[in-house]
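Engineer: Pasting a structure below so you can have a look.
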DNA sequence: GAGCCCCTCCCCCGTGCGGCGGAGACGGAT
DNA sequence: ATCCGTCTCCGCCGCACGGGGGAGGGGCTC
């Protein structure tokens, strides 16, 4: 049963992460890391050129993020590779976007080496298992809730949107800070900006406004 | 690294399917089929008794179907096993129900032996991989449209509903007290009860829960 | 280079909020 | 007659929150 090795590309802007992933994956005889990328744009070109079987794609990357890179690859390649989106937190709203963009899998950075390797093998070899097109359908439907939007939506900066999304998950400022990997004071600033722009007085009203404006894809 | 074998229970009303699954799975040294069931009801009792690591659960079964059996197991067991729901068609609406019921995975009957084995190993060993809580969230949301209201809704008293509605209007406790013509302390009590019954931490989370449960008339 | 926006982070301060642990009154159930 | 659930209300406490008013750096445009 000697199959050709599974060819992998790693896309992550942090060298340490790439190194760690490479170390884990290269230890497996049936896995071969054929390329790396440090930005979303680079990921797209590297993947187009090398045509790997699986891509481990970080969400957070300079220039073009992992979601957009995934979108582009899935949309433009005849036979796109299986793309596994890697992130730190499972409740990240990125998840939905990742699935909608066409990601085949979703992996947490805190996964152990064993899980990582098995996940790679799994997505590489099969297309009929854990949540295949069904998930795509779910995510697509989720996204179809693209609502008309309220006036204030367009006035929010990128960071403010991030913060509002997390507010709408019921997180405290401290928790949001941890997830966004910034200081609590920063989150406070963004929250204040969100409250001002949404014309609300506290986080609860802001979340209500978000729901009613269809800002959240749930609505 | 000799780990204890992964203990499996197969639940399927067709003997042929069980035999086939058993043949495939038993060929692997690290997998052990410890029990079988032919109905949903039987699956529940067998699983409760044997406490396997993974259950392969057919959707279509006599008496109680696989979805309900999954629901019951996940809801009632302290440490429910990983339940992989098995079906024939991927666009089956069962998929959504399965995920919502708490299934850890979803497998198509046309999967080859290799995929089956790997899927079992994967769900057994890890809980942080391909589409974890995110899928659950998606499925839950999907279900909300079809079947509104959450379990906690019916448990709220009349007054608690009143208070929750006003909370969802973004009012403070003092404001709610004025509208309901009661003391602020009373509102606090009701709010506390609402938080307890909705399993939320603060009013923001409670409002989110209300929105997502379709508790509000306009949502 | 000046101006502007965005993101980051800091201080102080008042308070709304939620947890904890009560209590009295009413009404329906058995 | 007793019990239980509901609604009403109390005090105390700690903390997360939001307001006010900043500061510094990077990136953009003009």
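Protein chains in written order, with this note's numbering: chain A, 1 to 219; chain B, 1001 to 1219.
Ideal Cβ positions, reconstructed from N, Cα and C, are used throughout, including at glycine.
Quick caveat: nothing in here was measured; it's all calculated off a predicted structure.
1) What ranges does the alpha helix (DSSP H) occupy inside the stretch 1037-1090 of chain B, keeping only unbroken runs of at least 4 residues that lie completely in it?
2) Taking the alpha-carbon of residue 1106 (chain B) as reference, which of B:1031, B:1025, B:1213, B:1058 has the nearest alpha-carbon?
3) What residue does the beta strand (DSSP E) around residue 1008 (chain B) start on, and which one ends it?
4) Mind checking if residue 67 (chain A) is an interface residue toward chain B, Cβ cutoff 8 angstroms exclusive?
5) How close, in whole Å, do the beta carbons of residue 1010 (chain B) and residue 1036 (chain B) come, if the pair is a contact with beta carbons under 8 angstroms?
6) Just tell me which of A:115, A:68, A:123 has its CA closest to the CA of residue 40 (chain A).
7) Within its chain, find whatever has a CB closer than 8 angstroms to the CB of residue 1052 (chain B); leave out the 5 residues flanking it on each side and keep chain order.
8) Going along the chain, which residues of its own chain have a beta-carbon closer than 6 angstroms to the beta-carbon of residue 103 (chain A), five neighbours each way excluded?
9) So, at 7 angstroms on beta carbons, what are the nonlocal neighbours of residue 1005 (chain B) in its own chain, with the 5 sequence-adjacent residues on each side left out?
10) Output the distance between the C-alpha atoms of residue 170 (chain A) and residue 203 (chain A), rounded to the nearest integer angstrom.
11) Mind checking if residue 214 (chain A) is an interface residue toward chain B, Cβ cutoff 8 angstroms exclusive?
12) For residue 122 (chain A), go through chain B and note every residue whose CB falls closer than 8 angstroms to its CB, in chain order.
13) Assuming residue 1025 (chain B) is part of the alpha helix (DSSP H), what are its boundary residues?
14) With a cut-off of 8 angstroms on the beta carbons, I'd call residue 118 (chain A) and residue 1205 (chain B) a contact; round off their distance for me.
15) Are the beta-carbon atoms of residue 200 (chain A) and residue 192 (chain A) separated by less than 8 angstroms?
16) With H, G and I counted as helix, E and B as strand and the rest as coil, what does DSSP make of residue 142 (chain A)?
Structural biologist: Once the coordinates are examined:
1) 1040-1050, 1066-1076
2) Looking up residue 1106 (chain B) in the second chain gives position 106. Ranking the options by Cα distance to residue 1106 (chain B), first place goes to B:1058.
3) The sequence position of residue 1008 (chain B) within the second chain is 8, counting from 1. Residue 1008 (chain B) -> beta strand (DSSP E) spans 1006-1011.
4) What you label residue 67 (chain A) is simply residue 67 of the first chain in a count that begins at 1. Nearest CB-CB separation between residue 67 (chain A) and chain B: not below the 8 angstroms threshold.
5) Residue numbering aside, residue 1010 (chain B) sits at position 10 when the second chain is read from its first letter. Residue numbering aside, residue 1036 (chain B) sits at position 36 when the second chain is read from its first letter. Correct: roughly 5 angstroms between the Cβ atoms.
6) Along the first chain, one-based indexing puts residue 40 (chain A) at 40. Measuring from the Cα of residue 40 (chain A), the nearest candidate turns out to be A:68.
7) Here residue 1052 (chain B) refers to the residue found at position 52 of the second chain. Closer than 8 angstroms at the Cβ level, and outside the excluded window around residue 1052 (chain B), lie 1007, 1008, 1009, 1034, 1035, 1081.
8) In the first chain, counting from the first residue as 1, residue 103 (chain A) sits at position 103. Answer for residue 103 (chain A): 70, 83, 85, listed in chain order.
9) As a position in the second chain, residue 1005 (chain B) is number 5, starting the count at 1. Around residue 1005 (chain B): 1030, 1031, 1032.
10) As a first step, residue 170 (chain A) must be located in the first chain, where it is residue number 170. As a first step, residue 203 (chain A) must be located in the first chain, where it is residue number 203. Cα-Cα distance, rounded: 9 angstroms.
11) As a working note, residue 214 (chain A) is residue 214 in the first chain. With 8 angstroms as the cut-off, residue 214 (chain A) does not count as an interface residue toward chain B.
12) What you label residue 122 (chain A) is simply residue 122 of the first chain in a count that begins at 1. Simply 1115, 1118, 1119, 1122, 1130.
13) Numbered from its first residue, the second chain carries residue 1025 (chain B) at position 25. Residue 1025 (chain B) -> alpha helix (DSSP H) spans 1015-1026.
14) Sequence index remark: in the first chain, residue 118 (chain A) carries index 118 (1-based). Sequence index remark: in the second chain, residue 1205 (chain B) carries index 205 (1-based). Residue 118 (chain A) to residue 1205 (chain B), Cβ: 35 angstroms. No contact.
15) Translated into positions along the first chain, residue 200 (chain A) becomes position 200. Translated into positions along the first chain, residue 192 (chain A) becomes position 192. Contact: no.
16) Indexing the first chain from 1 puts residue 142 (chain A) at position 142. The predicted model places residue 142 (chain A) with a pLDDT of 47, which falls under 50 and marks its position as unreliable; any figure quoted below should be read in that light. DSSP, reduced to helix, strand and coil, places residue 142 (chain A) within a helical segment of the structure shown.
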